[in-house]
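Residue numbers (this note's numbering): 48 to 855.
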Amino acid sequence: MSPMKVSLKWLSEYVDVAVPVKQLAHRLTMAGTEVGGIEERGNGWPGIIVAQIESIDPHPTADSLTLVGLGLLGERMTVVCGATNLKVGDRVPFAPVGACLIDTQTGRPTVVEVAQIQGVASRGVLCSEKELGLSEAHEGVLILPGEAEVGLSLNAVLGDTILDLEVTPNRPDCLGMLGVAREVAAIMEGPLHLPDLTYQEEGSDVRDDVQVEILAPDLCQRYSASVIHGVTVGSSPSWIQRRLMAAGVRPINNVVDITNYVMLEYGQPLHAFDYDTIAGRRIAVRRATDGESLRTLDGTLRTLTSGMLVIADAKRPVALAGIMGGSETEVTELTKSVLLESANFSSGSIRQSCRALRLRTEASFRFDKGLPPAITTLALRRATKLLVEICGGKASRGLQDVFPAPREAIEFRLTPAELRRVLGIDLTLTHIRDVLAGRLGFDCREDGNALMVKAPAHRSDIQISADLVEEVARLVGYDRIPTTTLAGRLPDHPPQPIRGLIERLSDMLVGCGLQEVMTYSLIGRRLLDKMVAGTDTETPNRLRLANPMTPDQEILRTSLLPSLMECLASNLRQDEAGPRLFEIGRVYLPRHADIHEERQMLVIGMAGPGWQRQWSRAAAQLDFYDLKGIVEELLDRLNLGETRFIQIMDQHPFHPGRTTAVYSKDVRLGVMGELHPAVARNFEIRVPVYLAEFDLEQLLSVIGGEFLRIVPTPRFPAVRRDLALIVPECVPVSELFEAIRQAGRPLLYQVELFDLFRGEGLAPEHKSCGVGLIFRSPDHTLTDAEVAQVEACIIQQLQQRTGARLRG
48 MSPMKVSLKW LSEYVDVAVP VKQLAHRLTM AGTEVGGIEE RGNGWPGIIV AQIESIDPHP
108 TADSLTLVGL GLLGERMTVV CGATNLKVGD RVPFAPVGAC LIDTQTGRPT VVEVAQIQGV
168 ASRGVLCSEK ELGLSEAHEG VLILPGEAEV GLSLNAVLGD TILDLEVTPN RPDCLGMLGV
228 AREVAAIMEG PLHLPDLTYQ EEGSDVRDDV QVEILAPDLC QRYSASVIHG VTVGSSPSWI
288 QRRLMAAGVR PINNVVDITN YVMLEYGQPL HAFDYDTIAG RRIAVRRATD GESLRTLDGT
348 LRTLTSGMLV IADAKRPVAL AGIMGGSETE VTELTKSVLL ESANFSSGSI RQSCRALRLR
408 TEASFRFDKG LPPAITTLAL RRATKLLVEI CGGKASRGLQ DVFPAPREAI EFRLTPAELR
468 RVLGIDLTLT HIRDVLAGRL GFDCREDGNA LMVKAPAHRS DIQISADLVE EVARLVGYDR
528 IPTTTLAGRL PDHPPQPIRG LIERLSDMLV GCGLQEVMTY SLIGRRLLDK MVAGTDTETP
588 NRLRLANPMT PDQEILRTSL LPSLMECLAS NLRQDEAGPR LFEIGRVYLP RHADIHEERQ
648 MLVIGMAGPG WQRQWSRAAA QLDFYDLKGI VEELLDRLNL GETRFIQIMD QHPFHPGRTT
708 AVYSKDVRLG VMGELHPAVA RNFEIRVPVY LAEFDLEQLL SVIGGEFLRI VPTPRFPAVR
768 RDLALIVPEC VPVSELFEAI RQAGRPLLYQ VELFDLFRGE GLAPEHKSCG VGLIFRSPDH
828 TLTDAEVAQV EACIIQQLQQ RTGARLRG
């Protein structure tokens, strides 16, 4: 939500407000523009009334004072006054004896008493703005409008009601008084009074005064400018100052105040340059160059980067586009000519520059919401007119308006049937047209039983036809929409096999006795350094946050292992039994440049004693085969069929020679093994640590989406044969098993290793493996001849592929 202060008196200039303020606030809120609060201003002026000056006579003994005769509904009263800005006929605020004012010396409230001033009794005070709490000005008496009725309370003349609006991000038009006025006019079904934008144009053509060029059209859609010569810079009229202060803006001078006034009126930021300081009479809207600097109006020298948009003259930057002007082109009391800017800048560019510079202004706040380019010239004409009228300037003929790529308004189709489907209410085409065209100013034309609708230029929030339905709903009244059950077909649920796999894995791992952990996606350099063994280095291509909350959360993780290791280390310090942990989460893998890829990963980690300490047995340490058993059980339940474990030597941060890659159907699913001892020491762990890491997308590619396999209970008995094999030491058991499975199909049901021997009686570099073979047929009882035939084929394949032979 965005705050916006709305003066009810100012609002009444554009639209007739004929209902109590609380009712207006309620109706605005119900129409989608929430009123967060109501503030009454002027209740601090009890007893102060409007008086008219009937005479001004010199003080008999003090040259600096005058005797001011006041007319008060038939009464006459004399007040001693030192102000010099008074004339006969002026209407002024008068505080009689007993009224309360703010003391200009102390700033505290004080009660007016009869005062003897140089021998003359003064029975009241003519009030300045400071005494009334309106501003810091106290040099002269506040002159009231000529239509102020004598005898009325000051509250009736200057009092105001302020509505604190909470404007939604999609309604930047309501960040201006005219936008709010349009809303009130639509709700009240009353007329809207727009400001007159005509003014006298004199002097040279504006195209001879200044040249405008947009060099970054992707960041600036439109740039408009006018030039006003012969201005006199001074204080703004009191009515402008009062309206600015009601909106929470501090008055500065008439030129700057007019730009702020029009910004609050139209919602379009403007900026005024001292025209004589613009080098070459040229304006270029361009990207800054790296290292370029600009001293802004707040006195800060800011270093710019190439991602920032600047307004530049022929020599240097003169403003940060849409954020703040430069001090070298600031309007001062010596300014005689003004270059007035009204532009439309990219909201994304403004937002990024504000973050980089840590600088937020009223202008950037509005550009951040995405303003429509159509209002730039409207606001420019309004501000130019006020500069001519208030500052005594002469406007050059025409406007400089550079608009490289105007966009045609989108036309939407809306039917009563669509309204009925979405809202559940029946409205005629005439009623819909009355709401959109008559009350909201949309361009509508009938096309059969449908309306073809174009949004007005100031409504940049209308992007799809559903937005039109919302407009009708909020003006017809949300209370008219019936409460019913949802109708229509629910959208199809998109298949998400990865989610099913995650749920399945979590259930299986918990069933295997593991505990799930969940860690942050952001990690720190300190943790990454712990994962390095010796002189090894990690890849530097990581995604870093521009503004991390803490140093320990500045990098998007490329692996789940560092965070899991931290959890393991913490649990090892706390528990007697070794922790068995797993985590499933996203990692962010580098591809090229700044583009990263999100992938779902599974990690398993375990270390320490296999069970809690007991008197009846020693606490054996968890080892590689504990981890391998869990992995095999996991893969078996996922119906992967045959899997292969291949030893690898260069997988960071695993122990070389004690690590295997897991394959299925030639697809590498992941890696498992012992953690490198040096990495374990970095985490102050003194026992072996065993880890596994799997890519879930690779797992899913192998198993598809089917996790459940139902097979009937075997009806026929199994036949077991045991083989004692002499195998070369270099041949892993997994390769032995693969050769056995391929040769034993389709009758081989299961293969297992039941014995492993190395030592006396064997040839060097050989080992003895006891292998159990279980044969079974699904449709009959196997004969000895069938089993012997398959067994012979297995022995032959073993000799040919692995060099294994039967032990004599």
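Beta carbons are placed, not taken as given, at the ideal position from N, Cα and C, and that holds for glycine. Treat the numbers as computed from the prediction; the structure is a model and nothing was measured.
Bridge partner(s) assigned by DSSP for residue i
i      : result
CYS491 : VAL500
PRO156 : ILE149
GLU799 : GLY819
ASN202 : Answer by DSSP bridge pairing: none, since ASN202 is not bridged.
ILE103 : VAL115
VAL718 : ALA708, GLU740
ASP769 : GLY819
SER54  : ILE209
ARG407 : Note: ARG407 sits in no beta bridge, so no partner.
For residue j and residue i, the rounded distance between their alpha carbons
i      : j      : result
GLY349 : TYR308 : For clarity, residue 349 is Arg in the given sequence; the question names Gly instead. Taking the straight line joining both Cα atoms gives about 27 Å.
VAL332 : GLU81  : 37 Å
ARG254 : LEU446 : 8 Å
GLU744 : GLN698 : 20 Å
THR336 : ARG398 : 18 Å
VAL97  : ARG229 : 33 Å
THR690 : GLN789 : 13 Å
PRO284 : ARG138 : 16 Å
GLU465 : ASP539 : 21 Å
MET565 : VAL66  : 57 Å
LEU311 : GLY116 : 40 Å
GLU807 : PRO700 : 37 Å
ARG638 : ARG589 : 10 Å
LEU291 : LEU222 : 14 Å
LEU212 : PRO219 : 12 Å
ASP508 : VAL718 : 51 Å
ASN217 : ILE631 : 37 Å
Residue burial classification, residue i (beta-carbon count within 10 angstroms, cutoff 16)
i      : result
LEU592 : exposed
GLU186 : exposed
GLU176 : buried
ASN496 : exposed
HIS318 : buried
LEU783 : buried
GLY354 : exposed
CYS267 : buried
SER711 : buried
ALA430 : buried
LYS814 : buried
PHE489 : buried
PRO825 : exposed
TYR525 : exposed
TRP92  : buried
LEU795 : buried
LEU858 : No information on residue 858 is available, as it lies outside the stretch 48 to 855 that the chain covers here.
Reduced DSSP secondary structure (H/G/I, E/B, other) of residue i
i      : result
ASP321 : strand
ASP526 : helix
SER748 : helix
HIS478 : helix
CYS614 : helix
LYS712 : coil
GLU807 : coil
CYS128 : strand
TYR395 : Before going further, note that residue 395 is Gly rather than Tyr in the sequence given. Reduced to three states, the DSSP call for GLY395 is helix.
PHE701 : strand
VAL564 : coil
MET696 : coil
ARG521 : helix
PHE141 : strand
THR208 : strand
ILE509 : coil
Contact test: residue i Cβ vs the ligand GTP heavy atom, cutoff 8 Å
i      : result
PRO242 : The ligand GTP is not part of this structure, which contains no ligands at all.
Test: residue i CB closer than 9 Å to a CB of chain B
i      : result
MET596 : No chain B is present in this structure, which holds just one protein chain.
Beta strand (DSSP E) runs contained entirely in the stretch 60–101, provided each spans 3 or more residues: 81–88
Ordered list of alpha helix (DSSP H) runs contained in the stretch 419–482, each at least 4 residues: 423–438, 463–470, 476–480
Every unbroken beta strand (DSSP E) inside the stretch 245–326 [3 residues or more]: 248–252, 258–261, 267–276, 317–321
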